[in-house]
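Residue numbers (the UniProt record's numbering), protein chains in the order written: chain A, 1 to 499; chain B, 1 to 499. Heads up, the beta-carbon is just placed ideally off N, CA and C, and yes, glycines get one too. Have a look at the structure below, then the notes.
2 protein chains.
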Amino acid sequence: MDNKLQRIRAEELRERVVAAEEAASWISDGMKLGLSGFTHSGDAKVVPHALAERGKSERFKVSVYSGASLGADIDRLFAEAGIMEKRLPYQSDPVMRGKINDGEVWYVDEHLSQTAEWVRSGVLGPIDFAIIEALAITEDGMIIPTTSAGNSAIFVKHAENVIVEINMAQPTGFEGIHDIYDAGVQGKRGPIPLENAHGRIGTIGIPVDLEKIRGIVFSDRPDSPSEIVPPDEETERMAGHLLEFLRSEVWSGRLTNSLAPIQSGIGTVSNAVLEGMIDSEFENLEVYSEVMQDVIFDLMDAGKVKFASASAITLSPEKMKQVYGDFEQYRDKLMLRPQEISNHPEIIRRLGLLSINTALEFDIYGNVNSTHVRGTKIMNGIGGSGDFARNARLSIFVTRSTAKDGKISSIVPFASHIDHTEHDVQIVVTEQGYADLRGLAPRERVPLIIENCMHPMYRGQMRAYYAEALKRGGQTPHVLEQAFSWHTRFLETGSMLEE
Amino acid sequence: MDNKLQRIRAEELRERVVAAEEAASWISDGMKLGLSGFTHSGDAKVVPHALAERGKSERFKVSVYSGASLGADIDRLFAEAGIMEKRLPYQSDPVMRGKINDGEVWYVDEHLSQTAEWVRSGVLGPIDFAIIEALAITEDGMIIPTTSAGNSAIFVKHAENVIVEINMAQPTGFEGIHDIYDAGVQGKRGPIPLENAHGRIGTIGIPVDLEKIRGIVFSDRPDSPSEIVPPDEETERMAGHLLEFLRSEVWSGRLTNSLAPIQSGIGTVSNAVLEGMIDSEFENLEVYSEVMQDVIFDLMDAGKVKFASASAITLSPEKMKQVYGDFEQYRDKLMLRPQEISNHPEIIRRLGLLSINTALEFDIYGNVNSTHVRGTKIMNGIGGSGDFARNARLSIFVTRSTAKDGKISSIVPFASHIDHTEHDVQIVVTEQGYADLRGLAPRERVPLIIENCMHPMYRGQMRAYYAEALKRGGQTPHVLEQAFSWHTRFLETGSMLEE
């Protein structure tokens, strides 16, 4: 029998195999699609591609709900074809970003834990098609996901129709590493019974009403790899400051050398900061995060991380080759969960995570902008940073103190867009140092942020701003008419630095 | 035997009775105090008063951690005596507010669910004295709280010393209505086993190591009553809009006529809005909130509310007389919980609350300022609004569209302080109407907010601002140099309205 067909173990489904183009033809104008995929891993690929192809000659629009960012150029192709109506909860494609900022695509920036609640309650409307990448469909009708869990299970449960993309290029060793759990309806649910990073509470696949599977498509396109920029001097210094802070927590008795389950946001800086742990004294670490990047496997190889839970695995080409080529050695050390569980406030608070996320900018009181350049143009989205920052035991934000060769200070008088308020930001770290804001009033925070975290070339002008603000008084002193003057100066002169 | 001494059922403690002045004399400069009290109910009164009295002739400072706002003029007396170093997590006294805004008192504005975690982990330093108002101390050594639960249990557990104030003026019928539960240490705790508003998971009193009880003081000072301003035409219209929205949720099948457990922030507007439910079709309601105000008992009397859970009961003088005078009829219909439980993200999300809080101002994208007048001077604090708004099934904010006879628009281009981001604000209601922001991109939100919620006299000038912002583009269009122009215009001309 065809090697591919063996992946469809529920034999009655084998007659539903269709070409990607046919599956794409079922989708019509105004439909809402729920796509698998999280941090460009495990995304449905060939049906979206066929749909984008249709978009070149047909006029229609669809809304796309995903786990997080999609790979395989899906967002780019949809943006270029002009077929995207609404997009949520996260994206990271430059072309799509342009269309969003031009107001041509509605983008709804949501906490990654939240989308499942909104699908469940019907706020986002019925999902017409869930399109889910899989390794296989089991005899008893479960969809085995690939390299991410994302929102796939909730999409399948609430979609009118399901299209399964069986991807022969994904590592078959992933079968068994997923833990699919449905939190249930609000007001009728019980506690989520997960008490540690490695616990199993669900099934290894997504239960599905077989009647809903409208078609099955085969694919052999690998995940889009991530680009990992190696650590540089600045990120190494940031890692050093972070380790210094963690050591002080151990000395004070608030943490042990195995710290707390670690969450680390996607991105070069977070990745580089974790690299710093490889040669540290910290050990027996656990990871409870939304995505496993290269560094998590480096930490496993170094014997530092004993278990990692996330919603996706997203690797560089080299790391993909290494990890997938010898997956058996990692198999018992990791688990992929739906993003509602990886990012659930209940679990994050219970486990008491050590949470590290990247800030785009922050202000002298610790309000963080994670998303918008100069308050208006969005980059990617808030992702899970809010889920974690609000509920973690330690909520840490990292950023370089400047950008664009020093022309932008990442620390500003007033954050031009606020994703995380002063209430949710505990530690801020730059290559200059760190500021521990816990238990501090706003006026206590300012000198720490200026002197520990700002680049020296900007400190003087911030001290002047704050001195002027202090004359006006208040719990949170500001000179409102100058609050965004650094941003407007950049727009006018190309630099935030005063002449 | 003395009637008072019978309240100390653990007989070995009876010899620890002292005068308030003596207990206050144990407190010295630099100490951290954990005081019972939430929304000026159940606060320790006579020892703090004696301490403030000492402050008139002695130089020392203490930090005061409480449940929420304190009554009995404690914050005022401490502020006037100049003995307050740091205050958290919430206060509402005008004199204290003045000292905070003058920078003379450090005020740390925290989510009300968060303080317990910080006490437990030691971030806030050791608590030297917990001073807790009680009805009694049981034979087996439990402190029976009075009209609030607040942070009392966590303070008692982590304090070096405990002073108990037995208040003979508090209603003895309250014994048995508390449900004291300790969530436990992060990373080692299990799920909180509460699955509905009326469940009991803990004990009726606060367990205490009797060795730590340094002294017991008697008091007979009643709680400070709340001032309830009756509904007016505007609040009645707001209630009408809110009911209209709730009806639309019932029609869409997302709610039933018993809605979802209701949380309502403290304050006249929230109170008035709930008044509107008395003559509505909604029934068999449950309340899961942080404070029960008059209206909850009105709703019980009207047969609308069948059970209410909160962390405190705060009533007007008339209502206090009625409710406490006939408490037996309410006894089985209510429960008081530690604020960590009443405000816990885990429980709020699980129960799927219907959450109604008051905004000070919000902007055209739905970012809410709950705390700071013109971005600088704080009013009271964020309280529990963030705990609820982030995790509720429905996160609703209410405010009048204008303040100061129309000279201030509560809807502004850019909120001058952001406590709740666009990600956490679902429905905004003013006397003009409501805007349902769920699932909407920022640019979709703007016309709804302007046309449905703003006062007509400000709509034109906001349309002009937004038109200018749109020319600049972006996911969240703004004219940064004019973002706070409404606030600065008010400071210059006394009105936000353009000439």
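Per DSSP, cross-strand counterpart(s) of residue i
{"i": "B:His420", "result": "B:Val368"}
{"i": "B:Leu394", "result": "B:Leu354"}
{"i": "B:Ile427", "result": "B:Ile396, B:Asp436"}
{"i": "B:Thr402", "result": "B:Ser409"}
{"i": "B:Leu33", "result": "B:Val64, B:Phe129"}
{"i": "B:Asn161", "result": "B:Phe129"}
{"i": "B:Leu13", "result": "Answer is none; B:Leu13 lacks a bridge partner."}
{"i": "A:Pro207", "result": "A:Met142"}
{"i": "A:Ser148", "result": "A:Ala312"}
{"i": "A:Met84", "result": "A:Val62"}
{"i": "B:Glu361", "result": "B:Asn369"}
Chain-ordered chain B contacts of residue i [CB-CB under 7 Å]
{"i": "A:Glu195", "result": "Gly190"}
{"i": "A:Asp102", "result": "Gly473"}
{"i": "A:Gly386", "result": "His423"}
{"i": "A:Phe484", "result": "Leu480, Glu481, Ala483"}
{"i": "A:Glu11", "result": "In chain order: nothing, as chain B lies at least about 37 Å away."}
{"i": "A:His111", "result": "His423"}
Distance between residue j and residue i (C-alpha atoms, nearest Å)
{"i": "residue 563 of chain B", "j": "A:Asp326", "result": "Chain B is shown only over 1 to 499; residue 563 of chain B falls outside these bounds and no answer can be derived."}
{"i": "A:Ser224", "j": "A:Gly71", "result": "5 Å"}
{"i": "residue 516 of chain B", "j": "B:Lys321", "result": "Residue 516 of chain B is absent from the model: chain B starts at 1 and stops at 499."}
{"i": "A:Gly34", "j": "A:Ala153", "result": "10 Å"}
{"i": "A:Glu165", "j": "A:Arg463", "result": "57 Å"}
{"i": "A:Glu275", "j": "B:Ile27", "result": "48 Å"}
{"i": "B:Ala130", "j": "B:Gly30", "result": "15 Å"}
{"i": "A:Ala79", "j": "A:Met96", "result": "5 Å"}
{"i": "residue 558 of chain B", "j": "B:Glu340", "result": "Residue 558 of chain B is absent from the structure shown; chain B starts at 1 and stops at 499."}
{"i": "A:Lys304", "j": "A:Arg59", "result": "53 Å"}
{"i": "B:Ala415", "j": "B:Asn367", "result": "6 Å"}
{"i": "A:Met238", "j": "A:Asn257", "result": "19 Å"}
Cutoff 8 Å: residue i Cβ touching any chain B Cβ
{"i": "A:Asp419", "result": "yes"}
{"i": "A:Tyr440", "result": "Checking the displayed sequence, the identity of residue 440 of chain A turns out to be Leu instead of Tyr. A:Leu440 counts as touching chain B."}
{"i": "A:Ile408", "result": "no"}
{"i": "A:Tyr107", "result": "yes"}
{"i": "A:Asn367", "result": "yes"}
{"i": "A:Trp251", "result": "no"}
{"i": "A:Ile382", "result": "yes"}
{"i": "A:Ser309", "result": "no"}
{"i": "A:Trp118", "result": "yes"}
{"i": "A:Glu444", "result": "yes"}
{"i": "A:Ala153", "result": "no"}
{"i": "A:Arg463", "result": "no"}
{"i": "A:Arg390", "result": "yes"}
Environment of residue i [buried if 16+ CB atoms lie within 10 Å]
{"i": "B:Trp251", "result": "exposed"}
{"i": "A:Pro456", "result": "exposed"}
{"i": "A:Ala359", "result": "buried"}
{"i": "B:Val185", "result": "exposed"}
{"i": "B:Lys404", "result": "exposed"}
{"i": "B:Thr399", "result": "buried"}
{"i": "A:Asn284", "result": "exposed"}
{"i": "B:Ala169", "result": "exposed"}
{"i": "B:Ala302", "result": "exposed"}
{"i": "A:Thr253", "result": "In the sequence under discussion, the amino acid at residue 253 of chain A is Gly, which differs from the Thr named in the question. Result: exposed."}
{"i": "A:Ser401", "result": "buried"}
Per-residue contacts from residue i into chain B (C-beta, under 8 Å)
{"i": "A:Ser121", "result": "Arg254, Arg393"}
{"i": "A:Leu336", "result": "Residues of chain B passing the Cβ test: none, with the nearest at roughly 22 Å."}
{"i": "A:Arg374", "result": "Leu480"}
Neighbour flag for residue i against chain A, beta carbons, 8 Å
{"i": "B:Pro345", "result": "yes"}
{"i": "B:Arg200", "result": "no"}
{"i": "B:Arg14", "result": "no"}
{"i": "B:Leu124", "result": "yes"}
Contact set between residue i and chain A, taken where Cβ atoms lie within less than 8 Å
{"i": "B:Leu351", "result": "Gln186, Gly187"}
{"i": "B:Thr476", "result": "His372, Gly375, Thr376, Ile378, His417"}
Neighbour list for residue i in chain B, Cβ cutoff strictly below 9 Å
{"i": "A:Thr488", "result": "Leu480, Glu481"}
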